[in-house]
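In our numbering, the protein residues as written are 118 to 305. First up is the structure itself, then whatever we jot down about it.
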Amino acid sequence: MTLDLLATHGTCSSYANLICKENFRICDGRHGAGVYFWHASPNFDDAVDLARSYAEFNLTKGAYDGVDETEPCVLACNILLNKNNFLDLESIDYLGVLRAYLLKFDAKLKAMPSRDVKAELTKIYNGFFQELEEISNEKIIVYHVKAAVPQNYKDPKSKGLQWATQFASSCLVVRENSVIPLASIRRI
């Protein structure tokens, strides 16, 4: 069975142009190596807002210094993959397993300088997926996880939303860009 997942990604116009020509690049992240998207189901408008907020936040942090077109841009795309290559880390089946795995590294992460934590988390998540792939004999290409939303997305939101969601939202992490057809990448 094939999954078709709609997702958004925030970046600057220069990078958006490059992505539309060459596809996304896999990068390290705090939930493992991959390309990070906001899951657009069930609320596409919210996923667009999240992507725009992410791009605007990165602009204020200097992430787009040195490129010609720094204005924020939102891309939407379809991620097409076999259901066997998708893992929902927020499901009841895997949430506890992931939490237990991460807790093994808690003391090490707390002792690290904050600048090194992201790289270490990438290694930890990648190790987790390697173990699951060996057990299941299935390659994990895309996974769903809750990720912290950008600070500038939080600011205008209500306290009720903060209490209900802890300001985390559905994130899809794509470990291989081959499941993102170039023809499906479009500017919003």
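Every residue gets a Cβ at the ideal spot worked out from N, C-alpha and C, and that includes glycine.
Bounding residues of the beta strand (DSSP E) (the contiguous stretch that carries residue i)
i	result
D205	203-205
F154	152-156
D210	Not the beta strand (DSSP E): D210 falls in the alpha helix (DSSP H), residues 209-220.
C190	189-199
C144	Neither: C144 is in no beta strand (DSSP E) and is coded neither H nor E.
V291	285-291
CA nearest to the CA of residue i, picked from the options
i	options	result
G127	T119, I258, I136, L120	I136
K221	E186, Y242, F203, C288	Y242
R303	C190, E186, L226	C190
K263	S286, S253, K256, F246	S286
R292	N202, A217, N254	N202
G146	V266, L120, T239	T239
V296	E188, I257, A157	I257
A265	P230, A217, H148	H148
A172	E251, L192, P230	L192
P267	H261, D185, F174	F174
S208	E251, H261, M229, D166	H261
K235	K138, Q247, A150	A150
Q247	E188, A224, E186, Y218	Y218
First through last residue of the alpha helix (DSSP H) which encompasses residue i
i	result
K227	223-228
V296	Premise fails: V296 is in no alpha helix (DSSP H) and is neither H nor E.
T177	161-177
N134	130-139
Cβ-Cβ separation, residue j to residue i (assumed contact under 8 Å), whole Å
i	j	result
L212	V259	Actually they are not in contact, since the Cβ atoms of L212 and V259 sit about 17 Å apart, beyond 8 Å.
S170	N269	5 Å
E237	L226	6 Å
F245	L215	7 Å
F154	A124	3 Å
I305	V165	6 Å
H156	L122	7 Å
V63	N294	Outside the modelled stretch of the chain, which goes from 118 to 305, sits residue 63, for which no answer is possible.
Query raised in the report: Should the segment 136-146 be regarded as contacting the segment 175-183, the criterion being three or more beta carbon pairs within less than 8 Å?
Result: no
**Report entry** beta strand (DSSP E) segments (min. 3 residues) lying fully within the segment 229-271
**Finding:** 259-265
Requested in this report: Mind the definition here: the segment 157-175 touches the segment 196-209 only if three or more C-beta pairs lie below 8 Å; say whether that holds.
Outcome: Flag = no, the segment 157-175 and the segment 196-209 do not touch.
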